[in-house]
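Report on the structure given below.
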């Protein structure tokens, strides 16, 4: 979507203005805290770049054009057009691209693995963002009161601990103040930058891309290493795309072009202007550009901005995990809903405490924000490269763009992304190994679960009994029928659920009404209630009920029953309804499939997943679990 005039950005309805303010509070926290550490890392002594006015102008030019080309053009103009029913992010993009590939084809498998690995790298981002953002904010204490420098790490850990402890309460209450705080943050960034820019406007020459090119040519390998630090100004770009479903593309675009980008640009140019007059400020250009009376308030405001940036990626990790569960890449986990009004506000205790443990370890291991900078870039560049590859598939096969246009646009994206990726690869030994290791472990676990589920499904189908012929024969000579309704949760409506077979074997009864309930996850983020249910009457009080869900939704049995009453006129009296679930115990074996050690890992994951009754939110006193063993 493009705008016809600049003035149109500022003439908006109140609803749009409120969405813009909310987007500023949620979407831009990550990229908005980059001024705390990005330029400081560019002039790190380890890079060996001789300090000079030409070097300052060259680096600022690279920062400026990186933000224009990657954030403004790639994400805001192009990639945000690739929405999956309004949703963005690498998993939504993967689902969109998969529609163009035949099921079970090699291309579908490659696209799936790309999307999943990109999602796994986000977990690295979710660990590093809270650590580097809060550390870099609190490090302002070293400038304000050097004697308190040894308290930086304890204060950082205390803030992070409180942040993770508050996750179970949800973000709806604190979310209302995110927008105003971040608006104040961006206005402060712009004002500080403008103050220094007025004093030394010569740095504006960096708008000319030739200064950046000259810097790269003159310093060659050293400049290539600096490119990895330049990338830090882009670390929140993926969030623009991921959060598109919450606010829509228009408020995000308005926020970016009207407020966020101008304020960030002013601040980076202001830092550069200050460095031209005071080279010693390179040790911490952000805090040293703040007038001394405002230093403590700015540390407080920066810490608030860092906490908000951290909150955004933590919530993103919860959402991503929920999507992975729905898509069949992770075992069921306990999910708590922290808001009755907002479907996306969820809390996963296991993910929360795992993230907290890893964030604490990262802070204690790396100690300073500059030590974390190397680890930060590689996590985000990997996801950006994968986003570009999937976007090329969408351009070619979904949008049907001419091959020449796809080649030109896709090549431009990849050249930029791969340049930043290669620059960050040079820092693997300095900490870049951490997000790569974390992403690889997550990817291995997700693919192990996905492969194990396929084996489990295959084994179940080998021994499966076709449902409709079985029920026809059963109803012809029925066992004793008892009052009430039996709901059998099943993953495949073509075959008899194991839970029904066990019930018939042990209890020798059949309820007056039998419902086979199957939840189907579609490759769309949400399914409208008007299209959610389908029902097939097999006669004799037996029904097949299918409920479609999007990959960003969590099935809820009680809501399905209520929807069945409204849409299908099927009444369910809860105290007369029993829910039958088969609890499978997976037994690793030498049968063809995965290596025995991976089957053992899958069996352990399967055993420790949340109970179906908890995941599907079934009242505990209405559940009947029947165990069965399956060899894979």
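Residue numbers (the UniProt record's numbering): 1 to 632. Glycine residues also receive a C-beta, built at the ideal position from the N, C-alpha and C atoms.
Residue 444 counts as exposed, since fewer than 16 other beta carbons sit within 10 angstroms of its beta carbon. Distance from the Cα of residue 604 is smallest, within the candidate group 617, 584, 615 and 495, for 584.
By the CB criterion at 8 Å, residue 369 and residue 136 fall inside the cutoff. Around the beta carbon of residue 607, fewer than 16 other beta carbons sit within 10 angstroms, so the residue counts as exposed. Just so you know, the alpha carbons of residue 271 and residue 265 end up roughly 10 Å apart. Sequence-distant partners of residue 524 (beyond 5 residues in either direction) whose C-beta falls short of 6 Å from its own C-beta, in its chain, are 85 and 550. Taking C-beta separations shorter than 6 Å and ignoring five residues to either side along the sequence, the partners of residue 159 in its chain run 134, following chain order. Looking at the DSSP output, residue 548 bridges to 520. Here DSSP, grouped into helix, strand and coil, assigns residue 37 to coil. No residue range can be given for residue 290, since it is assigned to no beta strand (DSSP E) and is classified by DSSP as neither H nor E.
Excluding residues up to 5 positions away in sequence, 571 lie with their Cβ nearer than 6 Å to the Cβ of residue 565 in the same chain. Residue 478 and residue 110 have their C-alpha atoms spaced approximately 49 Å apart. In this structure, the CA atom of residue 337 is about 11 Å from the CA atom of residue 318. Bounds of the alpha helix (DSSP H) holding residue 247 are 244 to 247. Runs of the alpha helix (DSSP H) lying entirely within the segment 421 to 508 and spanning at least 4 residues, in chain order: 433 to 462, 467 to 476 and 498 to 507. If you ignore the 5 residues before and after residue 152, its C-beta comes within less than 8 Å of the C-beta of 135, 138, 139, 141 and 142, all in its own chain and listed in chain order.
In the three-state reduction of the DSSP assignment, residue 386 falls in the helix class.
Put simply, of 632, 627, 100 and 123 the residue whose alpha carbon is nearest the alpha carbon of residue 310 is 123. Secondary structure of residue 537 (DSSP, three-state): strand. The beta carbon of residue 519 lies closer than 7 Å to those of 547, 549 and 555 in the same chain, with the five residues before and after it left out. Per DSSP, reduced to three states, the secondary structure at residue 623 is strand.
Under DSSP, residue 587 takes part in a beta bridge, and its partners are 631. In the structure shown, residue 187 falls within a helical segment according to DSSP collapsed to helix, strand and coil. Look at residue 51 here: in three-state DSSP terms it is coil, with no helix or strand label. Residue 329 sits in coil when the DSSP states are folded into three classes, being neither helix nor strand. Non-local C-beta neighbours of residue 323 in its own chain, meaning closer than 7 Å and more than five positions away in sequence, comprise 91, 551 and 552, ordered along the chain. Within a 10 Å sphere around the beta-carbon of residue 199 sit fewer than 16 other beta-carbons, which makes this residue exposed.
Contact annotation: the segment 574 to 593 touches the segment 610 to 629, with at least three C-beta pairs closer than 8 Å. With a 10 Å radius around the Cβ and a threshold of 16 neighbouring Cβ atoms, residue 531 comes out exposed. Closest in alpha carbon position to residue 332, among 44, 19 and 615, is 615. Here the alpha carbons of residue 304 and residue 183 stand approximately 12 Å from one another.
Per DSSP, residue 268 is one residue of the alpha helix (DSSP H) stretching across 261 to 277. Straight through space, the alpha carbons of residue 314 and residue 351 are spaced by roughly 9 Å. Secondary structure of residue 105 (DSSP, three-state): coil.
Within the segment 344 to 379, the runs of alpha helix (DSSP H) that reach at least 4 residues and sit entirely inside it are, in chain order, 349 to 366.
Residue 602 sits in a helix when the DSSP states are folded into three classes.
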